[in-house]
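Structure record follows, encoded as structure tokens.
Next up, the structure:
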């Protein structure tokens, strides 16, 4: 069964209010009724004690005292009787000549000096009365007493009137509460429907929708969380679209890059096979095939490396590595490539500096970055620096090349990004995979890598590895 949220709110609020008002009415009615009866009993006890005191003191004749009290109490619709130690009523005398007497249970109770209070119906009328029997004790023995009765009708009327006023008050309060509940429920339902509509828009692919949020209540916080979710979805969508565009460019570049060396290799092999290449050119052709083959292998290895790193298939074997020796190896491996562009590789290491890392992967990181520095620097210098920080080792690779536009710095870590879209062939770090691999490897070492650059003045890569 489907029930709208508005009706659920109304039913729950009205149910709580009805139950609360019902309990309040019953408790208040019972309290008022008890209070009215208590006041009536207190009044009767006070009159009875006064009558007994005046009779026992004997300042006036008993008959005169009794007659005066009969006149006074008769005006208040209160009657009283006097009984002896046996429970027989001695005043007023029964007009019918009968012998009125209290029952044994009543005598037994008041014999101990305890006042008896009863709400009952008299035998001679159908009127409900309040009855109070006050004993008179002499030397521990019952010597008589006085019995007072007053009709409850007046008290009942007062209680009924109070209950009537209470009913009207509860009714008015209930109507006001229902109206307020209806207004608040409509407000909440409207806010929920707004979130529902926004959710439907997001499900339809609209990630620009935004809800008014607040910290006033949970619905406002939900709207704020919804806005954050949509913002992240929109960012993810933009990144996916950007990645898709780069993927298309990558596939186009890969097709071109693979086609070119494969065509070259195929042509040279066919020429050698059919003796179409002169003898003195064969060695040159073989070197060309070897160069293009290595280029294809490098491309495939970079893609495999990236996928292994992303899927956590790389296991690191960390050890302490002296930085000066490591930099000398990098300098030796890349010196020829640097000289081809008129660059020099300089080493600046603090004495005794070492780094805790996987040797092979650290070499891969440094070669990738240094190759990039060589690629974008002409007739300049590349500096390899190392120093100890606070519980960390810091490596800086600086060049004096063309630099990177500040808007492009964050993009260099993307898998398919190229700093120069126009270049379709690059012997170092093809298709932007090199730096993407570098960042993943640094993170595997629990390290950090940062880039600072200024257009036309060069770039600095800063790597921080934690100490052992």
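In my numbering, the protein residues as written are -8 to 459.
Note that the Cβ used here is the ideal one computed from N, Cα and C, for glycine as well.
On the criterion of 16 or more Cβ atoms from any shown chain inside 10 Å, does residue 21 qualify as buried, or is it exposed?
With fewer than 16 Cβ atoms within 10 Å of its Cβ, residue 21 is classed as exposed.
To which residues of the same chain is residue 458 closer than 7 Å at the C-beta, ignoring the five residues directly before and after it?
Excluding sequence neighbours, residue 458 sits near 347, 382, 383, 384.
Three-state secondary structure (DSSP) at residue 396?
In this structure, residue 396 counts as coil in the three-state DSSP scheme.
Can you give the Cα-Cα distance for residue 416 and residue 360, rounded to whole angstroms?
Only weak support exists for where residue 416 lies, its pLDDT of 42 falling under 50; the coordinates are left without a value.
What does the Cβ neighbour count give for residue 47, buried or exposed, with the cut at 16 atoms within 10 Å?
Exposed, by the Cβ-count rule.
Report yes if the CB atom of residue 314 is closer than 7 Å to the CB atom of residue 344, and no otherwise.
Yes; because the gap between Cβ atoms is below 7 Å, this pair is in contact.
Give me the residue from 127, 256, 163, 101 with the minimum Cα distance to residue 283.
Checking every option, the nearest Cα to that of residue 283 belongs to 256.
Using a Cβ distance threshold of 8 Å, determine whether the stretch 365 to 379 contacts the stretch 387 to 394, with at least three qualifying pairs required.
Judged by Cβ distances under 8 Å, the stretch 365 to 379 makes contact with the stretch 387 to 394, as three or more pairs qualify.
Would you list, in sequence order, the uninterrupted alpha helix (DSSP H) runs of no fewer than 4 residues that lie entirely inside the stretch 330 to 387?
Entirely contained in the stretch 330 to 387, the alpha helix (DSSP H) runs reaching 4 residues are, in chain order, 350 to 366.
Excluding five sequence neighbours on each side, which residues of the same chain lie with their C-beta closer than 7 Å to the C-beta of residue 462?
Because the chain here runs from -8 to 459, residue 462 falls outside it and cannot be looked at.
The alpha helix (DSSP H) with residue 95 in it runs from where to where?
Residues 95 to 101.
Using three-state DSSP, classify residue 142 as helix, strand or coil.
Here residue 142 sits in strand by DSSP.
Quick one: Cα of residue 129 to Cα of residue 71, how far?
Between residue 129 and residue 71, the C-alpha separation is close to 21 Å.
Here's a check: name, in chain order, each residue in its chain whose Cβ is nearer than 7 Å to the Cβ of residue 262, leaving out the five neighbours to either side.
For residue 262, where only same-chain residues beyond five positions count, the Cβ hits under 7 Å are 268, 276.
Mapping DSSP to helix, strand and coil, what is residue 257?
Note: residue 257 maps to helix in three-state DSSP.
Expressed to the nearest angstrom, what Euclidean distance is found between the alpha-carbon atoms of residue 53 and residue 60?
Going from the Cα of residue 53 to the Cα of residue 60 covers about 11 Å.
Restricting to Cα atoms, I'd like to know which of 154, 226, 201, 389 is closest to residue 337.
For residue 337, the nearest C-alpha among the options comes from 389.
Any contact of the stretch 4 to 23 with the stretch 141 to 161, i.e. 3+ C-beta pairs under 8 Å?
Verdict: yes, contact present.
In the structure shown, what three-state DSSP assignment does residue 196 receive?
In this structure, residue 196 counts as coil in the three-state DSSP scheme.
Specify the secondary structure class of residue 305 as computed by DSSP and reduced to three states.
Residue 305 falls in the coil class under three-state DSSP.
Taking C-beta to C-beta, are residue 227 and residue 214 nearer than 7 Å?
No.
In whole angstroms, what is the alpha-carbon distance linking residue -5 and residue 160?
Near 31 Å, if we compare the C-alpha coordinates of residue 160 and residue -5.
Please state whether DSSP places residue 11 in a helix, a strand or coil.
Helix.
If distances are taken between C-alpha atoms only, which option among 211, 78, 399 comes closest to residue 99?
Comparing Cα-Cα distances from residue 99 to each of 211, 78, 399, the minimum goes to 78.
Assuming residue 66 is part of the alpha helix (DSSP H), what are its boundary residues?
First-last of the alpha helix (DSSP H) with residue 66: 53 to 66.
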